[in-house]
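Student: When the sequence shown is numbered by the numbering used here, its final residue is 221 and no position is left out of the sequence of numbers.
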Amino acid sequence: MKIICHMIMSADGRLISKYWSPLYNNSSDVSEVYEAVASKMPSDGWIVGRVTMAEYGEGIVEEKPVMEGPKTMHTTTFVGKREGRPLAVVFDPQGKLHYKASNLPTGEHIVAVLGSHVTRAYQKELEDVGVSYIMRTPGSKLEETKSALKHLEEDFGAKNMLLEGGAIINGNLLKMGLVDELSLIIYPGIDGKSDHPSIIECQCGEESPMEASKLELKSCETVGSGFVWIRYAIHH
-14 MKIICHMIMS
-4 ADGRLISKYW
6 SPLYNNSSDV
16 SEVYEAVASK
26 MPSDGWIVGR
36 VTMAEYGEGI
46 VEEKPVMEGP
56 KTMHTTTFVG
66 KREGRPLAVV
76 FDPQGKLHYK
86 ASNLPTGEHI
96 VAVLGSHVTR
106 AYQKELEDVG
116 VSYIMRTPGS
126 KLEETKSALK
136 HLEEDFGAKN
146 MLLEGGAIIN
156 GNLLKMGLVD
166 ELSLIIYPGI
176 DGKSDHPSII
186 ECQCGEESPM
196 EASKLELKSC
206 ETVGSGFVWI
216 RYAIHH
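Now the structure itself:
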């Protein structure tokens, strides 16, 4: 499977668009530019973290995980009501997200990547709604993540996926050497706050966590009104 990390950021590398300074000519919409560029990279869907998925609408609620009840004791994959739709894959190891439908308002089918310790009751909840899930094989974080991506490819036919944030899942998959390319859109505006998240962050305590990720420039072009789209191949 090929994974492209596709992100948009301010000129100073920040992630959250509501804090960015306004466009000079105000003739481009941030989300429209982002989606237009994404459409140039054919994919079977996208991958996000739990916090990012929770922002997708009222039909998704984040709550404390249910810890009581029988635990799942084996690896399994459940394929829900996909009906040929693109995939919206969320890494939610603790099972905190609850859904009212199996698809997003934008049409993608939800696939939850879960930790091996979630309860059978939570699995059943997803099954009843029609949300697909992949149980990660117990092991190291790298082994668990590789296992989940293998099931995503074998059980859902995913060959090309866009990794779309947030910063932590981007950082985790990059550090693991699982991202093949970086697609970066630079917004012509500034955030300016040092405590706002960047597009890639790693909570690992290492001084140089991305030392093994070397970037090779593939292309650079302007899009929209003053946006810059840069593509890098990543060599691990």
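For each residue, glycine too, the CB sits at the ideal point set by N, CA and C.
What you are looking at is a predicted structure, and each value in this text was computed from that prediction instead of being measured.
Please list the terminal residues of the continuous alpha helix (DSSP H) segment that includes Ser132.
Tutor: In the sequence shown, residue 132 corresponds to position 147, counting from 1. For Ser132, the enclosing alpha helix (DSSP H) starts and ends at Lys126 to Phe141.
Student: If we ignore side chains and look at the alpha-carbon of each, how far apart do Ala133 and Leu167 end up?
Tutor: In the sequence shown, the residue the question calls residue 133 occupies position 148. In the sequence shown, the residue the question calls residue 167 occupies position 182. So the alpha carbons of these two residues sit roughly 21 Å apart.
Student: So for Asn155, helix, strand or coil by DSSP?
Tutor: Locating residue 155 in the sequence shown gives position 170, where the first residue counts as 1. In the structure shown, Asn155 sits in a helix (DSSP, three-state: H, G or I).
Student: Spatial neighbours of Tyr9 within its chain, please: CB distance less than 7 Å, with the 5 preceding and 5 following residues excluded, ordered by chain position.
Tutor: Position 24 of the sequence shown, counting from 1, holds the residue named residue 9. Hits under 7 Å: Pro173 and Gly211.
Student: Would you mind reading off the limits of the alpha helix (DSSP H) that contains Glu110?
Tutor: For the purposes of this step, residue 110 is taken as the residue at position 125 of the sequence shown. That run of the alpha helix (DSSP H) goes Arg105 to Val114.
Student: Which residues in the same chain as Asp176 place their Cβ atom closer than 6 Å to its Cβ, once the five residues preceding and following it in sequence are excluded?
Tutor: Your numbering for residue 176 matches position 191 in the sequence shown. Excluding sequence neighbours, Asp176 sits near Ser(-5), Asp(-3), Arg(-1), Tyr4 and Trp5.
Student: Who does Val(-9) pair with in a DSSP beta bridge?
Tutor: Numbered from 1 along the sequence shown, position 6 holds the residue referred to as residue -9. Per the sequence shown, residue -9 should be read as His rather than Val. In the DSSP output, where bridge partners are listed per residue, His(-9) has Ser168.
Student: For Gln225, does the count of other Cβ atoms within 10 angstroms reach 16, so buried, or fall short, so exposed?
Tutor: The chain is shown only over -14 to 221; residue 225 falls outside these bounds and no answer can be derived.
Student: Leaving out the 5 sequence neighbours to the left and right, which residues in its chain are closer than 8 Å to His83 when beta-carbon positions are compared?
Tutor: Mapped onto the sequence shown, residue 83 falls at position 98. Ile45, Val46, Glu47, Glu48 and Glu110, listed in sequence order.
Student: Any idea if Lys144 is buried or exposed, counting beta-carbon neighbours within 10 angstroms, 16 or more meaning buried?
Tutor: For this step, residue 144 is matched to residue 159 along the sequence shown. Per the 10 Å Cβ criterion, exposed.
Student: Using DSSP with H/G/I as helix, E/B as strand and the rest coil, what is Ala97?
Tutor: Working through the sequence shown from its first residue, we reach residue 97 at position 112. Three-state DSSP puts Ala97 in a strand.
Student: Between which residues of its own chain and Glu206 is the CB-CB distance below 7 Å, once the five residues before and five after are set aside?
Tutor: For the purposes of this step, residue 206 is taken as the residue at position 221 of the sequence shown. Spatial neighbours of Glu206 in its own chain (CB-CB distance under 7 Å, excluding positions within 5 residues in sequence) are listed in chain order as Trp214.
Student: Per DSSP, what kind of secondary structure is Arg70 in: helix, strand or coil?
Tutor: Numbered from 1 along the sequence shown, position 85 holds the residue referred to as residue 70. Arg70 falls in the coil class under three-state DSSP.
Student: Would you check if the distance between the CB atom of Val98 and the CB atom of Gln79 is smaller than 9 Å?
Tutor: As a first step, residue 98 is located in the sequence shown; it is residue number 113 there, counting from the start. As a first step, residue 79 is located in the sequence shown; it is residue number 94 there, counting from the start. No; because the gap between Cβ atoms is not below 9 Å, this pair is not in contact.
Student: Measure the C-alpha to C-alpha separation of His136 and Ile119 and round it to an integer number of angstroms.
Tutor: Taking the first residue of the sequence shown as 1, we reach residue 136 at position 151. Taking the first residue of the sequence shown as 1, we reach residue 119 at position 134. So the alpha carbons of these two residues sit roughly 7 Å apart.
Student: Just curious, the alpha helix (DSSP H) that Glu17 is in, first and last residue?
Tutor: As a first step, residue 17 must be located in the sequence shown, where it is residue number 32. Run containing Glu17: Val15 to Ala23, per the alpha helix (DSSP H) assignment.
Student: Quick one: residues in its chain with C-beta nearer than 6 Å to the C-beta of Gly115, no 5 flanking neighbours on either side, listed in chain order?
Tutor: Residue 115 sits at position 130 when you count from the first residue of the sequence shown. These residues qualify, in order along the chain: Gly65, Lys66 and Ser87.
Student: Using the three-state DSSP reduction, which class does Ala218 fall into: helix, strand or coil?
Tutor: Along the sequence shown, read from residue 1 onward, the residue named residue 218 stands at position 233. Annotated three-state conformation of Ala218 is strand, per DSSP.
Student: If you run the structure through DSSP and keep just helix, strand and coil, what is Thr207?
Tutor: Residue numbering aside, residue 207 sits at position 222 when the sequence shown is read from its first letter. Secondary structure at Thr207: strand, using DSSP grouped into helix, strand and coil.
Student: Select from Asn11, Lys131 and Gly190 the residue whose C-alpha is nearest the C-alpha of Gly209.
Tutor: Looking up residue 209 in the sequence shown gives position 224. Nearest C-alpha to Gly209: Asn11.
Student: With burial defined as no fewer than 16 other Cβ atoms inside 10 Å of the residue's Cβ, what is the status of Glu128: buried or exposed?
Tutor: Counting from one through the sequence shown, the residue named residue 128 turns up at place 143. Label assigned to Glu128: exposed.
Student: Between which two residues does the alpha helix (DSSP H) containing Met38 stretch?
Tutor: Your numbering for residue 38 matches position 53 in the sequence shown. For Met38, the uninterrupted alpha helix (DSSP H) run begins and ends at Arg35 to Ala39, by DSSP.
Student: To the nearest angstrom, how far is it from the Cα of Ser101 to the Cα of Ser13?
Tutor: Position 116 of the sequence shown, counted from the start, is the residue given in the question as residue 101. Position 28 of the sequence shown, counted from the start, is the residue given in the question as residue 13. Taking the straight line from one Cα to the other gives about 44 Å.
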